[in-house]
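Chains as they are written, first to last, in my numbering: chain A, 1 to 552; chain B, 1001 to 1345; chain C, 2001 to 2371.
Data block below; observations after.
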Amino acid sequence: MKGLRASLARRLEGVPRNWLRLTRVRVASQVLFFVLFVLACWATWTSRLGGYPVSGLLELDPLVMLSTVLATGYVYKALGWALIVVALTFLFGRVFCNWICPYGTLHQFVGWLFDTRSAPRRIAQNRYHPLQFVKYSILIVFLVMAALGALQIGLLDPIVMMYRGLSTFVAPIADSTVDRVGAVVEGAGAGAAFLDALKFSPGVESRIFVGSFWIGVIFLAFVLANLWKPRFFCRFVCPLGALLGAIASKSVFRINRIVDKCTDCNLCLTRCEGASDPQSLVRQAECFSCMNCIDDCPEDALEFTAFRQDRKQVVPYPDLSRRKVVFAGAIGLAAAPMMRNNGRVNDANFSAAMIRPPGSVAENEFLERCIKCDQCINVCPTNVLQPATLKEGGIEAVWTPVMNFRIAHCQLKCNLCSEVCPTGAIRRISVAEKLGEGPYAKQGPVRLGTAFIDTSRCLPWANQIPCVVCEEVCPVAPKAIQTHDEETRDVFGQMVVLNKPFIVPDLCIGCGICEAECPVQDQPAVYVTAVGESRSAERKLLLRSRTPARPI
Amino acid sequence: MAERKRYPHADYRGERVTRREVLRRTLALGTLTGAGLYLAYAPEDYPLSLRDTSGLRGLPQPVPFTLPDYRVAPPPGPVRVGIGRGGETRAMLMKSLDAIGGLTRYVQPGEVVLIKPNVAFDRSPNLGATTNPEIIDILVRLLLVDARAGEVRVADNPIESPADCFAKSGIGAAAEQAGARVYLPDPNAFEVLHTPGAKLIEHWPFFRRPFRNVDKVIGIAPVKDHNLCHASLGIKNWYGLLGGRRNQFHQDIHEIVSDLSIMIRPTLTILDGTRVLMANGPTGGDPSNVRDGQTILSGVDPVAMDAWAFEHLLERHGRLPEYLYSAEHKGSGKVDYRGLTKEVV
Amino acid sequence: MHRSAVFNTRRSRLYRRQVPKAEHWSVAAIAVVLAALVYWVVAQRERFDASERDLPIELLYQERPEITLYNRPLQRWAEPGELRLAGEFDFGNFPPAVRDAAWQPVAPVRRFSADNLYQKINGEAEKFIKQGFVRLDYLLLRAAPDGTEFALELFDQGDLGGSLGVFAEHASGREVDERDGVSFFLTAAGVIGRKGQYFFRAAADRQDEAVSAKAAQLVIAFAALGGDAGTGNGAAEVPEGFALLRDGLGFGEAAIQFQESNVFQYDFAERFWFADPGIDANARLFLHVASDADAARALLDALLEEQAYEYQRLDEDQERVVFRHEFLNTYFVVARAGRYLYGLDNMPSEAGIEEWLARVREQLAEAGGDG
């Protein structure tokens, strides 16, 4: 043992003594998690997915776990991983915020990169701000709503926002930029296939995401807010930070000020990320455990410790009065039914366009689970999955996944959205279950909806022009689109044979390829609506299937 | 004192703008304005003119390209189509190729060869909706080893998600393991192709990227039933290179298929009759619709090949698909395959 | 433009004076944890069940209830005003007997002339037109119980020669039967035949016993062709060449063939009659009736000149010339009598040649063609 220590000490001799600092390894950790996060989004693609834990950070998110447990009563798949973060927080305070969270890393980086303030103003901006309580109110509102079955934490959860922003806003921009470079490279006569590795979605036409403009605006607004107040989102808004702050009030380790060494120089505030007042009574719930203050103290008066803590030099709990808690709770109690009664879920007014990906649970349960992380939308190889706008599901369902068959279709033998969903809004199903084969033959295929023909727009029906693309592409065997064949003389006197398509709803699985490929593009003559989807008994269409081979 | 009050800044000395500076500024401004006027008002054929009187000049004008003729003369004699029947896949392929002079007749060492399989749908290989990956594997190895091709590429623009189609049809893995490179479509991959004489696709977006620097092109198509045009065979396979809104073509399917026969003049066409999709085509999905055809055709007359396969592999009697007659009319081959085929059992 | 700093210009500076040992060890431990995390993530690459992401192929081959769909048959076009009432059905050239209790017309008879024959049979139209095609009548019959359809095509080829020529092309090498003046052969799902100037094809969309029975019945029904004089020109005059072969030399109608053009692959040789003398599979007797003796002589000269390229000229006199093929060793003999040109082709040996020539010559003399 002694020999080992001696040799280690010899080796470390050349290294400056200040090299092995917690702030250094903290930056390494932040970079690592940020890179892993971007790589996770990059790997969330059909040709790369493998077994990578691409939704890992969502499963580590205690707010996702807590709110879905409140809403559903159960812990889905790997959400229990979040207990690791809870345990870390109990030990070391909000280390998640400044060591792991990629959204926090982004905020910190942008705030640091563009910070041109003078030294005194730096110190001033990092003092505790009384409005930092707002994030606790937001947390209470969301948790109360979740307990009532309206899960909306995804609107502001940082990990969810990061996934959603990266997949629907950053990835398409990055891909189109790479494509533009590729066009230049190819214009110069070289092959540009090597650029595929840089793309989030190689091998397909450019992806689009309906409403991603607003996702981008909100994402950027929070990022730019760092120029005004550093870590604005983390200090004032973040509900996950609030939850971790509440836990951190009881943490074992914390920043401790050794009062008799302190000269009240306030230099510790220069780079304080959490605005947690280390210069006086440190606010334990606000501290991100970034360790900057320790580096910045010329007197070595600050330490991160479990022992030797000065009980008088700390404000452990969040700055939250009973009054604020009551008001926040009341808002949550009112907001949940307000959303539900907006009239888009299981009542007579459910939207025909609210077509959920295969494996989704019934709408009510879906909204109890979906956190709008848009992982499913990112992994979808055809781009059919889109963030819902107000049109499909009202305010409650904004940014939840919905199928838009104008854009593409649901790939027959693909179950990736169900694999990446962290919360079970899209239950994990195999392709065999999706198609109702083998052990699932008795329950029949997963039906997303039912196709219908608009005979007033269909070329053979309405215009005496041969077509039937829909019948050709229908992937089920036998085809769910059959034709009435008819010989006729068209308006120019030519004899034509028209194959007039009609739908066999017993066979239709609602994959939407007919709608996606219909040449009457803008308002397809064959279209899928939600009725008949197999996830919900209330949206059934047929009493029973007319063929025993395709039960409903 | 009084004077001083009246002119408080009487001793101030300002700095005057010189005449030269005024002239220089005026000249610079005039030059800029004049240049602007020239750009805006010079007639369109003047150099650097930006004028656009009709409003058409500023619209995007794609520069169409044309495809070269990839054909190679077959050996002397009437045989244009080799038919390999029975035995292992490799044996069938070799028999059919040998009947038309062997692969080395068509591919020279160092050449870049593009293979166009049919990967239109994400189906298991056994379902006959896509080309048998085994043939891809064998052919790529033959090209690289026997014919010593410089590079082999495999490309298609499937209807469904390209990555999934290549993965689940087994063609992506087969091609890459054998040493070929797979090209998937993306927004940059398409350019407008000019096909003289084509009625529907004289100018149409075409999957060009894999065709850059290519010397030889080989199409490998499965033999499939097709509701609208009766059979999807070797010529219909080239549909998979089109981009744009290609779903309009079903309004005149026979014209488009015969157009495809002149759009590209492949070095070789290979028809994969190992798994013939007899019904529910072109998507398939039920193994009971697939027949073990025990046949592979290789040839240089795509029309004769399709006609032969229609009668012998799909076992349809009566009239051949209309597009074959149109293709013959457009000079792509002979419908009457009798005398052109050589069958090796 | 006001010049201001865009990026942070402040250099980071360490103010603390000492870093405790415990911090060194913590840093090392955290670094190890992070490295382990990276290793773990990378190691997850293959940890997934590929069979969940694809349909295991064995599931496809499992026993499953089969789904059979009823396909409504093609609905045919009926021109407005053309009634399909059974009583007053216009059969065109068809004998009404093609319809019976089970097989009923689906649509009115459709007629095609040489101008629009392409609409019906694009690829084949040329074949009929060059053999004197006049009109095609098309009728679709359907059997009530199961919807089997029988498509009947009746070609009016103008004269016996055209009908014989088309039939010969279809029959090539098949066993031809004859019944009530109808020459025919049965196909897998139908029948092809001819009578007089008419040529017919009938094909069903499936093969079963009902179809075979109907095909046999159709042969009987088509025996009424022409003879009823329903269309006026049914009993057209019999061509001279045909009459000579059938009546004079006693060949059965099934054994007589006609070739409109490109006879012996020569573009100048047209309208030859052939008959099978029964020597072997290939040997045939031919007869051509020219407009006059000069035309016959000119044709003979051309024929002799061209044949010399492939044949060896063995023997000749003023009446006939005998050739032997240079490689195949078959014999070709041609002779002229007035405006008649006759001979034998593809003879395996010289035996029989003289007898046949004599028989023909005798008949021609009887017909009085000398001149």
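Each residue gets a CB set at the ideal place from its N, CA and C atoms; glycine is no exception.
query                                                                                                                                                                               : result
Shorter than 7 Å from the beta carbon of Pro1133 of chain B to some beta carbon of chain C?                                                                                         : no
Using a beta-carbon distance cut-off of less than 8 Å, what residues from the region 2056 to 2071 of chain C approach chain B?                                                      : Ile2057, Leu2060, Tyr2061 and Glu2066
Find out if the Cβ-Cβ distance for the pair Arg2179 of chain C, Tyr2138 of chain C is shorter than 7 Å.                                                                             : no
Let me make sure I understand the geometry here. Which of A:Phe90, A:Cys410 and A:Ala362 has the alpha-carbon closest to that of Leu385 of chain A?                                 : A:Cys410
Under 8 Å, with one C-beta from each stretch per pair, do the region 522 to 536 of chain A and the region 438 to 456 of chain A reach the 3-pair mark?                              : yes
With contact counted as at least three CB pairs below 8 Å, one residue from each stretch, are the region 2307 to 2321 of chain C and the region 2280 to 2297 of chain C in contact? : no
Please name the residue or residues paired with Arg254 of chain A in a DSSP beta bridge.                                                                                            : A:Thr305
Would Ala477 of chain A and Gly1281 of chain B qualify as a contact pair, given that the criterion is a beta-carbon distance under 7 Å?                                             : no
Determine the direct distance from the alpha carbon of Asn415 of chain A to that of Phe1166 of chain B, and round the result to whole angstroms.                                    : 16 Å
Measure from the C-beta of Gln523 of chain A to each C-beta in chain B and report whether the shortest distance is under 7 Å.                                                       : no
Counting C-beta neighbours from all protein chains within 10 Å, is the total for His1312 of chain B 16 or more, i.e. buried, or is it exposed?                                      : buried
In three-state terms, what does DSSP make of Lys1236 of chain B?                                                                                                                    : helix
Please look up how many angstroms separate the CB atoms of Leu1242 of chain B and Leu1271 of chain B, rounded, as I've assumed it's under 8 Å.                                      : With 8 Å as the limit, Leu1242 of chain B and Leu1271 of chain B do not qualify as a contact, their Cβ atoms being about 20 Å apart.
Could you check whether the Cβ of Ala2028 of chain C sits closer than 7 Å to any Cβ belonging to chain B?                                                                           : no
Closer than 8 Å is the cut-off here; do at least three beta carbon pairs connect the region 419 to 430 of chain A with the region 492 to 499 of chain A?                            : no
Report the rounded CA-to-CA distance for Arg1085 of chain B versus Phe2089 of chain C, giving the unit in angstroms.                                                                : 51 Å
Got a sec: is the Cβ-Cβ distance from Ser251 of chain A to anything in chain C below 7 Å?                                                                                           : no
Name the chain B residues whose beta carbon is nearer than 8 Å to that of Asn2122 of chain C?                                                                                       : Glu1322 and Tyr1325
Buried or exposed: which applies to Ser1054 of chain B, given that a residue is buried once 16 or more other Cβ atoms fall within 10 Å of its Cβ?                                   : exposed
So is the beta-carbon of Gly424 of chain A under 6 Å away from any non-hydrogen atom of the ligand ATP?                                                                             : In the structure on display, the ligand ATP does not appear, and there are no ligands present to speak of.
At what residues does the beta strand (DSSP E) containing Ser1161 of chain B begin and finish?                                                                                      : Here Ser1161 of chain B belongs to no beta strand (DSSP E), and DSSP marks it neither H nor E.
Determine, for Gly1077 of chain B, whether the minimum Cβ-Cβ distance to residues of chain A falls below 7 Å.                                                                       : no
Does DSSP classify Trp2025 of chain C as helix, strand or coil?                                                                                                                     : helix
Examine chain A for any beta-carbon lying closer than 7 Å to the beta-carbon of Gly1285 of chain B, and answer yes or no.                                                           : yes
Scan the region 1326 to 1337 of chain B for residues whose Cβ lies nearer than 7 Å to a Cβ of chain C and list them as they occur along the chain.                                  : Val1335
Whose C-alpha, out of B:Leu1029, B:Glu1191, B:His1226 and B:Thr1104, is nearest the C-alpha of Cys474 of chain A?                                                                   : B:His1226
Would Ala2031 of chain C pass as a contact of Val528 of chain A if the rule is Cβ separation under 7 Å?                                                                             : no
Can you pull out the residues from the region 397 to 429 of chain A whose beta carbon lies closer than 7 Å to at least one beta carbon of chain B?                                  : Gln411, Leu412, Lys413 and Cys414
What are the boundary residues of the beta strand (DSSP E) that includes Asn571 of chain A?                                                                                         : Look at the range of chain A in this structure, 1 to 552, and you will see that residue 571 of chain A is not part of it.
Which residue marks the beginning of the alpha helix (DSSP H) containing Leu32 of chain A, and which one marks its end?                                                             : Leu22 to Ala43
Pop quiz: Ala2060 of chain C and Pro1287 of chain B are said to be a contact at Cβ under 8 Å. What is the actual Cβ separation, rounded to whole angstroms?                         : Position check: residue 2060 of chain C holds Leu in this sequence, whereas Ala was assumed. The Cβ separation is near 5 Å, so the contact holds.
Report the rounded CA-to-CA distance for Asp296 of chain A versus Leu2014 of chain C, giving the unit in angstroms.                                                                 : 6 Å
Between Arg2206 of chain C and chain A, is there a C-beta pair that is closer than 7 Å?                                                                                             : no
Would you please verify whether the beta carbon of Asp196 of chain A is less than 7 Å from any beta carbon of chain C?                                                              : no
Roughly how many angstroms lie between the CA atoms of Ala2283 of chain C and Leu2341 of chain C, to the nearest whole one?                                                         : 17 Å
Where does the unbroken beta strand (DSSP E) through Arg121 of chain A begin, and where does it stop?                                                                               : From DSSP, Arg121 of chain A is part of no beta strand (DSSP E) but of the alpha helix (DSSP H) over Ala119 to Gln125.
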